[in-house]
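First up is the structure itself, then whatever we jot down about it.
Chains as they are written, first to last, in our numbering: chain A, 2 to 179; chain B, 242 to 427.
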């Protein structure tokens, strides 16, 4: 409480990276496939790289994540693609073919670079962010906004459902996790 | 110069319980040699065959994975060479079938038909790198190549093949995907 009192409202920790990592592990994710994203760099990617329970595969381009995750799916191994929204846009054809048309549980955690977390992604000041949810809707991909600690509880059910029903899912990270 | 179907007939003599990933023209020629549940044709997007192969190699380190990738496909996903080399999967054998053409898309040439994929793989960090353009030599080496500790890379320099019939609904049938998954759960 004393620490909180010293912080301006926008300095308060609103989204704990440690809680997200715990939710990823609770979802039985074994592999994290990633191209670095400044939104999730410090709060997620660095701790994941150090975590002995998760195997981080660094890829050169985000659509590689979709192919690797699919290969792992055939082996009953769970994977999460940790990417930026620009990488999601670049990977649309791979997601269309592998995740949507073949109905595979491709799980994506997508950093919304430049998003104002005080508004919704559809009303984001950044064009690239504004189009993400409409694109996901058009592709029939379920998506969930992870903007505050209260949203972290959505992660495990979303991933479990993706694997149970064999469909892709997108978890949109609306602010930089601590 | 070799022919792709001739190379695959030689390769097939050595394949037993390996998972074989192939797309487009390579998938058509490989399927000609026989149906098997451990064939994986459903890549979903051009260029991703090698990434699917890496996922399988990571998920099943007890099995050997053979990727039969076209040169046009590899050009769409050159970064995979660096990713695979970084992971160093011992069980991955990555063939690129270099015919210099987008054969399934009208036979137009790739941007540089003289590109040296083996040099790229070597520079990326593949452990074993080969290039074959003589069928007798490939016949002599094929069994050894697919048993090496990987990641293994091998270019097969081939001439464009006879016109093929691409039965994509059959190649990418959901039943094949289910058969592969079932086979991997045994």
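Virtual Cβ for every residue (Gly too), placed ideally from N, Cα, C.
- In this structure the segment 284 to 299 of chain B touches the segment 320 to 330 of chain B; the number of beta carbon pairs closer than 8 Å is three or more.
- Residue 329(B) has no beta-bridge partner at all, per DSSP.
- In terms of Cβ geometry, residue 109(A) and residue 171(A) form a close pair [threshold 7 Å].
- Counting along the chain, no beta strand (DSSP E) covers residue 105(A), and no H or E run does either.
- DSSP lists 399(B) as the bridge partner or partners of residue 243(B).
- Proximity of residue 416(B) to chain A, defined by a Cβ-Cβ separation below 7 Å, is not satisfied.
- Interface residue (Cβ-Cβ distance to chain B less than 7 Å): residue 76(A) is classified as such.
- Around the beta carbon of residue 318(B), 16 or more other beta carbons lie within 10 angstroms, which makes this residue buried.
- At least one beta carbon of chain B lies nearer than 7 Å to the beta carbon of residue 103(A).
- Residue 65(A) sits away from residue 88(A), with the two beta carbons spaced by 7 Å or more.
- In this structure, residue 160(A) and residue 28(A) form a Cβ contact; the two beta carbons are roughly 4 Å apart against a cut-off of 8 Å.
- The CB of residue 327(B) comes closer than 7 Å to the CB of 59 in chain A, given here in chain order.
- Closest by C-alpha distance to residue 92(A), out of 275(B), 369(B) and 285(B), is 285(B).
- Residue nearest to residue 84(A) within the set 42(A), 144(A), 140(A) and 30(A) is 42(A) (criterion: CA-CA distance).
- Around the beta carbon of residue 406(B), fewer than 16 other beta carbons sit within 10 angstroms, so the residue counts as exposed.
- For residue 73(A), the closest Cβ of chain B is nearer than 7 Å.
- Annotation: the continuous beta strand (DSSP E) that includes residue 85(A) extends over 80 to 85.
- Contact check for residue 394(B) and residue 335(B): beta-carbon distance about 5 Å, within the 8 Å limit, so the pair qualifies.
- Annotation: Cβ neighbours of residue 98(A) in chain B (cutoff 7 Å, chain order): 285 and 286.
- Bridge partners of residue 350(B) according to DSSP: 342(B).
- By the C-beta density criterion, residue 39(A) is exposed, having fewer than 16 other C-beta atoms within 10 angstroms.
- Of the residues 54(A), 53(A), 48(A) and 36(A), the one whose Cα lies closest to the Cα of residue 60(A) is 36(A).
- The alpha-carbon separation between residue 308(B) and residue 353(B) amounts to approximately 22 Å.
- Contact annotation: residue 175(A) and residue 146(A) have beta-carbon atoms nearer than 7 Å.
- Around the beta carbon of residue 411(B), fewer than 16 other beta carbons sit within 10 angstroms, so the residue counts as exposed.
- Beta-bridge annotation (DSSP): residue 311(B) is paired with 338(B).
- According to the DSSP secondary-structure assignment, residue 280(B) is paired through a beta bridge with 261(B).
- Within the segment 98 to 171 of chain A, complete alpha helix (DSSP H) segments of at least 4 residues are found at 128 to 131, 133 to 140 and 156 to 166, given in chain order.
- Scanning chain B for C-beta atoms nearer than 7 Å to the C-beta of residue 62(A) yields 320, reported in chain order.
- Beta-bridge annotation (DSSP): residue 372(B) is paired with 396(B).
- The beta carbon of residue 31(A) does not come within 7 Å of any beta carbon belonging to chain B, so the residue lies off that interface.
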